[in-house]
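This report refers to the structure that appears directly beneath it.
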Amino acid sequence: MPTYAAPIQELIDSLGRLPGVGPKSAQRIAFYLLDADREEAMRLTRAIIEVKDKVRFCERCFNVSEAELCGVCDDDRRDAHVLCVVEEPKDVVAVERTGTYSGRYHVLGGAIDHLRGIGPDRLHIRELVARIGEEDITEVILCTNPNLEGEATALYLSRLLDLPGLEVSRIASGLPVGGDLEYADELTLGRALEGRTHVGGSPAVPPSPEPTATEAPPSVGGTA
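Residue numbering for the sequence shown is 1 to 224, as defined by full-length UniProt numbering.
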C-alpha cells in the first residue's frame, strides 16, 4: 500500500487530531501547506507558537487572556452581580456579540459528558461555587449549549446552586436543539438571553418598607 513520505504523513496525522478535521480534510490541508510558500507556512507556525506562549486562562473566570485577568473581569463597568456560565471561551465571544449582556462570565471548560468520562469534578464547578460564596452574586445565567451534554450540565448546576438569595436562570428556548452557541446568530442568542427563565434558587426579597407616621400599622389580633 503506497504511503506518503514520513514528514507529510506526520503532518496529516497531526492535523487529523484537530476537532472537526477528518482524514480527507487533514490530507487536503497538508498538501495546501506543502504547496504554500515558506513565508506563509512560517506565518502559521509563528501564530501557533505565539498563542501558546502569550495566551493563558483568566485566574477568575477561565476565559482566555493575555494577563492574569481577562478584559471582562478587569472592566469595572461590568455588572459584578450577574454571572453568565458558559462551556468554552468561544461562547463568551458569542454572547458578547449580541450586545445585550453586561455582566461577567464563568467558563466551565466543557460540559458533563459521562460517555467521555467527563464529570463535574473535571470542570470549573468548584471555582464557580467559590465565586458565588466570595462575590456578591445575585443571579447565575446558565448559558450552556442546547444539546444533551449542555442540558445535563445546566440541570446539575440548577440543583447545585439552589441557594437562598441567588436566582438561577436558563437561556430561553429558540436556539437549534443539538447545536452550539457559537453557531447561533446574534439576534437569536440575544433574545434567548433576554427571555431567560427561572430554574432554581430564590432571589433575595427586599425588606418591606417601614410604615410612615401617617400610616396605621396593620391589625394583628382583630378588633377589640
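Glycine included, every Cβ here is placed at the ideal spot set by N, Cα and C.
Find the nearest neighbour of residue i within the set the options, judged by alpha-carbon distance.
i           : options                  : result
V72         : H106, L166, S14 and M42  : H106
R126        : L160, E66 and K24        : L160
E182        : G165, V55, I48 and E96   : E96
A80         : E194, I132, A26 and A152 : I132
S169        : L189, E149 and H198      : H198
L163        : P146, S102, D13 and I137 : I137
residue 225 : L189, A26 and Q9         : This structure cannot settle anything about residue 225, because the visible part of the chain is limited to 1 through 224.
C70         : A154, E149 and F57       : F57
L187        : R38, Y156, G99 and R122  : G99
I118        : K90, L33 and E149        : E149
P146        : R78, D180 and S14        : D180
L34         : E66, D53 and E10         : E10
D53         : E66, Y32 and R122        : E66
Y156        : R28, R43 and P120        : P120
Q27         : R77, A5, M42 and R43     : A5
Report back the beta-carbon spacing between residue i and residue j to the nearest angstrom; my notes put them in contact at under 8 Å.
i    : j    : result
V86  : T45  : Not quite, the Cβ-Cβ distance comes to about 30 Å (not below 8 Å), so this is no contact.
L128 : R104 : L128 to R104, Cβ: 12 Å. No contact.
P23  : G16  : 6 Å
A47  : A184 : The pair is not a contact, with the Cβ atoms about 27 Å apart (cut-off 8 Å).
Going by the beta-carbon positions, is the gap between residue i and residue j smaller than 7 Å?
i    : j    : result
I112 : R196 : no
E139 : E167 : yes
V64  : V51  : no
A172 : A152 : no
V158 : G200 : In the sequence on display, residue 158 carries Ser and not Val. Yes; because the gap between Cβ atoms is below 7 Å, this pair is in contact.
F62  : H114 : no
Tell me whether residue i is buried or exposed, calling it buried when 16 or more other Cβ atoms sit within 10 Å of its Cβ.
i    : result
R116 : exposed
E59  : exposed
E40  : exposed
I12  : buried
D75  : exposed
E68  : exposed
A154 : buried
A30  : buried
E88  : buried
P19  : exposed
D91  : buried
S14  : exposed
V220 : Because V220 carries a pLDDT of 46, less than 50, the predicted location of this residue cannot be relied on, and the following value inherits that uncertainty. Exposed.
Could you tell me whether the Cβ of residue i comes closer than 7 Å to any Cβ of chain C?
i   : result
C58 : No chain C is part of this structure, which consists of one protein chain only.
Residue i: beta carbon under 6 Å from a heavy atom of the ligand PLP?
i    : result
L163 : Although the ligand PLP was asked about, the structure shown includes no ligands whatsoever.
Which runs of the alpha helix (DSSP H), 4 residues or longer, sit entirely within the region 9-91? 23-35 and 38-54
4-residue-minimum alpha helix (DSSP H) runs that sit fully inside the UniProt domain "Toprim" (81-176), ordered along the chain: 89-98, 125-134 and 148-160
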